[in-house]
Amino acid sequence: MSKKSSTDCPICGFEAATSEDMYCAPHEKASANIRSAFSVWKLAYGNLTYPRFIEKLSKLPQAGTRTREVAKFLLRQER
Amino acid sequence: MHGGVTFFECTTRQGSVVVCSAIGHLYSVGTKGKVLRNTYPVWDFNWKAKSQVERRSTRLAKWIAAIGSLAENADRYVNACDYDIEGSLIGLTILRYACHGADRKASRMKFSTMTDRELREAYRNLSPRLDSSVAEAGRCRHELDWLYGINLSRALTESTLKQRRSYAALSTGRVQGPTLNFVVERELEIESFVPTPYWTIDAIIESEGKEYTLEYAKPRVPTSSEALQVVRDCEGQDLEVESVETREFHQLPPNPFDLPSLQAEAFRHFHYSPSKTLAVAERLYLGAVVSYPRTSSQKLPRDLGYREILHQLSQQNEYSRLAGKILISERLTPQQGPKDDPAHPAIYPTGEPPKSFLTDPEKNLYDLIVRRFMAVFGEPSLRTLSTMTLKHGPHSFLTKASRVLNAGWTEFYAPYSREYSQELPDLKGGERVQLKKIAATEKFVEPPPRYNSNSLLRRMEQAHIGTKATRAETIDTLYKRGYIKKSRIEATPLAIEISRILARHCPLILDPGFTAKLEELLTEIQEESRTRVNVLLETLSQFRSVMRDLVIAEDDVGSQLCRTVAAQTSLDRTLMSPCPQCGSALKIVRSRQSRKRFIGCTGRLEKGCSFSLPLPQFGKLTLLHQKCSACGFQLVLTRSKGYRKMISCARCYVNRVRMTRLKELTPMADPAAEPRSAIAILRKAPSSVQDHKE
Chain A
1 MSKKSSTDCP ICGFEAATSE DMYCAPHEKA SANIRSAFSV WKLAYGNLTY PRFIEKLSKL
61 PQAGTRTREV AKFLLRQER
Chain B
1001 MHGGVTFFEC TTRQGSVVVC SAIGHLYSVG TKGKVLRNTY PVWDFNWKAK SQVERRSTRL
1061 AKWIAAIGSL AENADRYVNA CDYDIEGSLI GLTILRYACH GADRKASRMK FSTMTDRELR
1121 EAYRNLSPRL DSSVAEAGRC RHELDWLYGI NLSRALTEST LKQRRSYAAL STGRVQGPTL
1181 NFVVERELEI ESFVPTPYWT IDAIIESEGK EYTLEYAKPR VPTSSEALQV VRDCEGQDLE
1241 VESVETREFH QLPPNPFDLP SLQAEAFRHF HYSPSKTLAV AERLYLGAVV SYPRTSSQKL
1301 PRDLGYREIL HQLSQQNEYS RLAGKILISE RLTPQQGPKD DPAHPAIYPT GEPPKSFLTD
1361 PEKNLYDLIV RRFMAVFGEP SLRTLSTMTL KHGPHSFLTK ASRVLNAGWT EFYAPYSREY
1421 SQELPDLKGG ERVQLKKIAA TEKFVEPPPR YNSNSLLRRM EQAHIGTKAT RAETIDTLYK
1481 RGYIKKSRIE ATPLAIEISR ILARHCPLIL DPGFTAKLEE LLTEIQEESR TRVNVLLETL
1541 SQFRSVMRDL VIAEDDVGSQ LCRTVAAQTS LDRTLMSPCP QCGSALKIVR SRQSRKRFIG
1601 CTGRLEKGCS FSLPLPQFGK LTLLHQKCSA CGFQLVLTRS KGYRKMISCA RCYVNRVRMT
1661 RLKELTPMAD PAAEPRSAIA ILRKAPSSVQ DHKE
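Protein chains in written order, with this note's numbering: chain A, 1 to 79; chain B, 1001 to 1694.
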């Protein structure tokens, strides 16, 4: 088993997608999708805060597994 | 019988005729000379008896010997295998290798049904030569598939094995790679999917004591404020009927069945996998009740004799009324589809009643084919579609209804045609009706749907990868390799890793365009605008560079795959049910001392838990997703060669053994006190298609 390095994904421990990325490729993709979806959600709900958004996302069954994992990770960091 | 092989002999005016079956391919591509199984890349190949290439095909050796012996002293040879690429290649290789070069003087028999009449006619009108170009295209396909398959699969398996951490037979290939990639891409899309919220407005009105549901003109309202505004504006208000529009439309009869459309329809109505549909259709073809199923044609040529087939169908009780109704028409003109196949027409019933007992799947498929055949002769169905628009201020609501005016072809295709009828409220333009209920519902966009075997087959067809005959088999291979699971197909972590590695080191293999281009080249061989050698050389020049890159990256590929293989193996051996004593995970383990396998608790070292359950010691074990109906413990499937599959519950087995022992020790024990769960569940395992659904 390879030794955990600073470039490993903090969620699954796999190698980060690129040296600039924080997560592995699948989690990075989910993270990018979350970032771009926030503006749409904010518009849809009116006054939605970012922590409330990721909290809601982390519990949504329609959200992908990687998306929920990233949301839960972000939620832990927020707290 | 000749050497254990059945053959038929008859006498004609020209002399004696010997007929012997080929039972599929007797020859296959194999490595030239002796090459170790772990060597790659491999470039030298030749055609060998399949019995020498595959261990499980050893029984084919006697077939080759029997055909070779029967062919001695023959003065004429006829290839009467199915009239398609595979049939032409099977015949060519047998004539060339088993009958010592008889392919040069052989003729070809062409037929689409196994009816007595057509077989006699095909024998009378033999094609003087073999269809060599078709056989050459088939030969090239087999050689390319072998080269791609053996080299890529060995590269993956051997690079993993060299890490000395885990073993798994990994495979990929020219068709398998892009097909798997479709599933993996969809899996990744679903995994990283972020749903977007939207609101729907559901409204109900009441007219003459009957409730009608209305749709808001905007099916998806993007913001909550807008949705709440609509509800506030309309709540308790009257709606005015603005318009009632009715239009009539004709629905043309369906096209005759080609193989993909038959597979799609059988999946829709009976949930048969494409491979099962093909297997059942082939059995019906061999029973001479339907035409050759491996066809891409959606056309029924006039010379099939529509009237005679329908007349024969009218002799069968189930179809007598409907077939008789079609026969009343003076001119029979079937609906024809856009696709064509020069070798065979669309799938149709021969009209002959089944001579032997049909199993349920055979009955279902036969019924579907017969009804579709009758439906293509039907008139277009006529329906009305009415839309009523109701308004309150700026807000519009719709309600739709549909009515059948003339059933047309749908009468012949019932119960497989979609029948729906709904009525509109009895209201006229300008009339007002009170809104009984209105509510805004928060919803989220659903992730893209998973493939099922039918939609994956369609995706392969769209991308022009594989052939109509091999696509279903490719999907089955993906299941067998453990790359995909469940009927709503999920890619396993191993599949995702393999696709990722191939995308990084040899993206060409995953490119459906590359495989589609190859299919075009194979078609060109068939059309004699290219030669087999030319295509082989052109394709291999590209493939050699792909293999060179893979060999260079062997260590990298191996270490990446190894981790996933080990994780997947561990996951495959871990039970869903936790340890009843300490709650830790239970795993299938093997004792280092006795080498016996059993279910053990992973909390043994940490918590000192000694819980264990016995397992069958022979056969391959698979943990099922089903739970025991008596005790709720996870069931185990055991497969042993030569035995029936067995599904058992390890916990119930132990309880039963304990109860038996207890009875032996206390013979007066009350039998009514025996718990129901103490019953070992031993029953026949589901078929392979059902396995996929687990």
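Each residue gets a CB set at the ideal place from its N, CA and C atoms; glycine is no exception. Values in this document were obtained by computation on a predicted structure and should not be read as measured data.
Buried versus exposed, by CB contacts within 10 Å (16 or more), residue i
| i | result |
| --- | --- |
| B/LEU1510 | buried |
| B/PRO1671 | A caution first: B/PRO1671 carries a pLDDT of 46, below 50, which makes its placement in the model unreliable, though a value can still be read off. Classification for B/PRO1671: exposed. |
| B/VAL1184 | buried |
| B/ALA1669 | Per-residue confidence for B/ALA1669 stands at a pLDDT of 44, beneath the threshold of 50, marking its modelled position as unreliable; the derived number appears in the next sentence. Exposed, by the Cβ-count rule. |
| B/ILE1489 | buried |
| B/PRO1253 | buried |
| B/THR1467 | buried |
| B/GLY1583 | exposed |
| A/GLU69 | buried |
| B/ALA1673 | Unreliable positioning characterises B/ALA1673 in this predicted model, as indicated by a pLDDT of 43, which lies under 50. The coordinate reading is nonetheless provided below. It is exposed - the Cβ of B/ALA1673 has fewer than 16 other Cβ atoms within 10 Å. |
| B/HIS1250 | exposed |
| B/CYS1010 | exposed |
| B/PRO1334 | buried |
| B/ASN1046 | exposed |
| B/ASP1426 | exposed |
| B/ASN1073 | exposed |
| B/ALA1414 | exposed |
| B/MET1576 | exposed |
| B/TRP1043 | exposed |
Contacts of residue i in chain B (Cβ-Cβ under 8 Å)
| i | result |
| --- | --- |
| A/ILE54 | Ordered by position in chain B, no residue passes the 8 Å Cβ test against A/ILE54, which lies about 11 Å from the chain. |
| A/LEU60 | PRO1195, PHE1444 |
Start and end residues, beta strand (DSSP E) containing residue i
| i | result |
| --- | --- |
| B/TYR1198 | 1197 to 1207 |
| B/THR1387 | 1381 to 1392 |
| B/GLY1030 | 1027 to 1031 |
| B/CYS1010 | 1007 to 1012 |
| B/HIS1250 | 1238 to 1251 |
| B/LYS1210 | 1210 to 1216 |
| B/ALA1049 | 1045 to 1049 |
| B/GLU1442 | 1432 to 1444 |
| B/PHE1000 | Outside the shown range of chain B (1001 to 1694) lies residue 1000 of chain B, about which nothing can therefore be said. |
| B/VAL1078 | 1077 to 1079 |
| B/PHE1267 | First-last for B/PHE1267: 1259 to 1270, but that is the alpha helix (DSSP H), not the beta strand (DSSP E). |
Limits of the unbroken alpha helix (DSSP H) element including residue i
| i | result |
| --- | --- |
| B/ALA1065 | 1060 to 1071 |
| B/CYS983 | Here chain B comprises residues numbered 1001 to 1694, so residue 983 of chain B is not present and cannot be evaluated. |
| B/THR1113 | No alpha helix (DSSP H) contains B/THR1113, which DSSP labels as neither H nor E. |
| B/PHE1182 | 1176 to 1191 |
| B/SER1453 | 1453 to 1462 |
| B/THR1093 | 1085 to 1093 |
Partner residues on chain B for residue i, Cβ-Cβ distance less than 9 Å
| i | result |
| --- | --- |
| A/ALA17 | Neighbours of A/ALA17 on chain B: none; closest Cβ ~11 Å, over 9 Å. |
| A/LEU75 | The contacting residues do not exist; A/LEU75 stays about 15 Å from chain B at best. |
Neighbour list for residue i in chain A, Cβ cutoff strictly below 8 Å
| i | result |
| --- | --- |
| B/PRO1219 | Within chain A, no residue comes near B/PRO1219; the closest Cβ sits about 16 Å away, beyond 8 Å. |
| B/PRO1222 | LEU43, ALA44 |
| B/SER1225 | GLY46 |
7 Å Cβ cut-off: residues of chain B touching residue i
| i | result |
| --- | --- |
| A/GLY64 | ILE1190, GLU1191, SER1192, PHE1193, PRO1447 |
| A/THR80 | With chain A running from 1 to 79 in the structure shown, residue 80 of chain A is simply not present. |
**Report entry** Residues, ordered as in the chain, of the segment 1185 to 1213 of chain B that lie near chain A by beta-carbon distance below 7 Å
**Finding:** Closer than 7 Å at the C-beta level to chain A, one finds these residues of the segment 1185 to 1213 of chain B: LEU1188, ILE1190, GLU1191, SER1192, PHE1193, VAL1194, PRO1195, THR1196, PRO1197.
Query raised in the report: Using a beta-carbon distance cut-off of less than 7 Å, what residues from the segment 20 to 51 of chain A approach chain B?
Result: So the close ones are PRO26, LYS29, ALA30, ASN33, ILE34, ALA37, VAL40, TRP41, LEU43, ALA44, TYR45, GLY46.
Report task. Determine, using beta-carbon pairs with one atom in the segment 1217 to 1224 of chain B and one in the segment 1447 to 1459 of chain B, whether at least three such pairs fall under 8 Å. Result -> No, because fewer than three Cβ pairs between the segment 1217 to 1224 of chain B and the segment 1447 to 1459 of chain B fall closer than 8 Å, the two stretches do not touch.
Report task. Count the C-beta pairs between the segment 1181 to 1197 of chain B and the segment 23 to 30 of chain A that are closer than 8 Å, then say yes if the count reaches three, no if not. Result -> As far as the Cβ criterion goes, the segment 1181 to 1197 of chain B touches the segment 23 to 30 of chain A, which means the pair count is three or higher.
Query - Touching by the beta-carbon criterion (3+ pairs, under 8 Å), the segment 1342 to 1354 of chain B and the segment 1393 to 1409 of chain B - result: Between the segment 1342 to 1354 of chain B and the segment 1393 to 1409 of chain B there are fewer than three inter-stretch CB-CB distances shorter than 8 Å, so the stretches are not counted as touching.
**Report entry** Sufficient close CB pairs (3 or more, under 8 Å) joining the segment 59 to 77 of chain A to the segment 1057 to 1065 of chain B
**Finding:** Cβ pair count under 8 Å is below three, so no.
Query raised in the report: When the Cβ atoms of the segment 1232 to 1245 of chain B are set against those of the segment 1391 to 1399 of chain B, are three or more pairs found closer than 8 Å?
Result: The segment 1232 to 1245 of chain B makes contact with the segment 1391 to 1399 of chain B: 3 or more CB pairs, one atom from each, lie closer than 8 Å.
Query raised in the report: Below 8 Å, can you find three or more Cβ-Cβ pairs linking the segment 48 to 64 of chain A to the segment 10 to 22 of chain A?
Result: The segment 48 to 64 of chain A vs the segment 10 to 22 of chain A: no contact.
Query raised in the report: Would you say the segment 1169 to 1182 of chain B touches the segment 1495 to 1507 of chain B, given that touching needs at least three Cβ pairs under 8 Å?
Result: Proximity of the segment 1169 to 1182 of chain B to the segment 1495 to 1507 of chain B meets the contact definition, three or more beta-carbon pairs being nearer than 8 Å.
Query raised in the report: If you pair each beta-carbon of the segment 1111 to 1118 of chain B with each one of the segment 1273 to 1291 of chain B, do three or more pairs fall below 8 Å?
Result: Yes: the two stretches touch, three or more of their Cβ pairs being nearer than 8 Å.
Requested in this report: State whether the segment 1298 to 1313 of chain B contacts the segment 1262 to 1282 of chain B, with contact taken as three or more CB pairs (one from each stretch) at a distance under 8 Å.
Outcome: No, they do not touch.
Query raised in the report: At a cut of 8 Å, does the segment 1291 to 1303 of chain B reach the segment 1325 to 1344 of chain B through at least three beta carbon pairs?
Result: Yes, they touch.
**Report entry** Segment contact, 8 Å Cβ cut-off, at least three pairs: the segment 1511 to 1522 of chain B with the segment 1455 to 1466 of chain B
**Finding:** Output reads yes: the segment 1455 to 1466 of chain B touches the segment 1511 to 1522 of chain B.
Query raised in the report: Okay, do the segment 1611 to 1626 of chain B and the segment 1643 to 1653 of chain B touch, 3+ Cβ pairs below 8 Å being the bar?
Result: When C-beta atoms of the segment 1611 to 1626 of chain B are compared with those of the segment 1643 to 1653 of chain B, three or more pairs fall below 8 Å, so the two segments count as touching.
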